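Here's the structure, in structure tokens; my notes come after.
Protein chains: 2
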Amino acid sequence: MWDAQQAIIEANLSFYEAFATGDATAMARVWARNEPVVCIHPGWQPLYGRDQVLASWRAIFREDSPAIRCEGARVTFLDTVAHVTCVERIRAGKLAATNIFIQEEGVWRMVHHQASPFMDQPLPPSVIPPPGSLN
Amino acid sequence: MWDAQQAIIEANLSFYEAFATGDATAMARVWARNEPVVCIHPGWQPLYGRDQVLASWRAIFREDSPAIRCEGARVTFLDTVAHVTCVERIRAGKLAATNIFIQEEGVWRMVHHQASPFMDQPLPPSVIPPPGSLN
Chain A
189 MWDAQQAIIE ANLSFYEAFA TGDATAMARV WARNEPVVCI HPGWQPLYGR
239 DQVLASWRAI FREDSPAIRC EGARVTFLDT VAHVTCVERI RAGKLAATNI
289 FIQEEGVWRM VHHQASPFMD QPLPPSVIPP PGSLN
Chain B
189 MWDAQQAIIE ANLSFYEAFA TGDATAMARV WARNEPVVCI HPGWQPLYGR
239 DQVLASWRAI FREDSPAIRC EGARVTFLDT VAHVTCVERI RAGKLAATNI
289 FIQEEGVWRM VHHQASPFMD QPLPPSVIPP PGSLN
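For the record, the sequence lines run as chains A and B. First residue of the first sequence: 189, per our numbering; consecutive thereafter. First residue of the second sequence: 189, per our numbering; consecutive thereafter.
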């Protein structure tokens, strides 16, 4: 489990490295080749299938190569699937992201990405976790 | 697979029924009891764990019971996990949502929800899928 956790954290980092450097080839390596994939960019409708998802990254990289970094990544295992939730920091603010990974040919590859902007707004008191409960 | 697909579509509908009616008890039934859960409401940071996630729904239902409905639900299977992507229609506009489900005690229960607003903006030409490719 620890090895899988490390492998997923590294796959997640590879995604953000490809993102931050605008490297479409590296981004293509991150995404699954055989499993169905979905990508929901901030403000976009869902995009389905490897061809459409990779085309969207190429279009984004033609416009901009954002200074993006991932913080607070948490891996959650669901049987043979894992997802990473994290905070993406960009110049304009912060986004909450979900990245789902599955193993293909022994390699953890991305099958789903969704990111949505958020503000550091106070949560209702009933939702604030007690100290230490998130460790 | 067909039976599983139907069961997941129904679990997804149960989620939106609980959401639209502001029924916290029904919402509690939708979410997994044993698996780790995560929820990313629009504009919120990720919330972790059943207690925090259900508290967030109770807080939301105290404020409002939104006229929400789900359209265009698509089920994607990833081994023993499935996710539904769909468009949520509310009065203020549209959101793209991901809902992940896993089986617990033979019942498909939600382990992850994320929704993010989007506008019907034109996609870059390279990203527009060819006619029929999404069927």
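Glycine included, C-beta positions come from ideal geometry on N, C-alpha and C. Since the structure is predicted, the reported quantities are computational estimates derived from the model, not experimental observations.
Proximity test, Cβ basis, 9 Å: residue i and chain B
i	result
Y204/A	no
G345/A	With chain A covering only 189 through 323, there is no way to say anything about residue 345/A.
L201/A	no
I290/A	yes
Any chain A beta carbon closer than 9 Å to residue i
i	result
R262/B	yes
M307/B	yes
G210/B	no
L286/B	Here residue 286/B turns out to be Thr, not Leu, going by the sequence shown. Closer than 9 Å: yes.
P254/B	no
Distance CB(residue i)-CB(residue j) smaller than 9 Å
i	j	result
V218/A	A206/A	yes
R238/A	R221/A	yes
D267/A	T268/B	yes
M215/A	L235/A	no
A285/A	E276/A	yes
V295/A	A199/A	yes
S244/A	T209/A	no
F306/A	G281/B	no
R161/A	A303/A	Given a span of 189 to 323 for chain A in the structure shown, any question on residue 161/A remains unanswerable.
R250/A	Y204/A	no
Cβ neighbours of residue i in the same chain (closer than 6 Å, five flanking residues each side left out)
i	result
H301/B	C227, N287
R262/A	T273
H229/A	none
Cβ shell of residue i (< 7 Å), same chain only, five flanking positions each side left out
i	result
E259/B	C274, V275, R277
For residue j and residue i, believed in contact at Cβ under 8 Å, the rounded distance
i	j	result
I197/B	F289/B	The pair is not a contact, with the Cβ atoms about 10 Å apart (cut-off 8 Å).
E292/B	E223/B	6 Å
Partner residues on chain E for residue i, Cβ-Cβ distance less than 8 Å
i	result
A216/A	The chain labelled as chain E is not found among the protein chains of the depicted structure, namely A and B.
Handout entry: Contained beta strand (DSSP E) runs [length at least 3] in the stretch 243-271 of chain B, N- to C-terminal order
Key = 257-266
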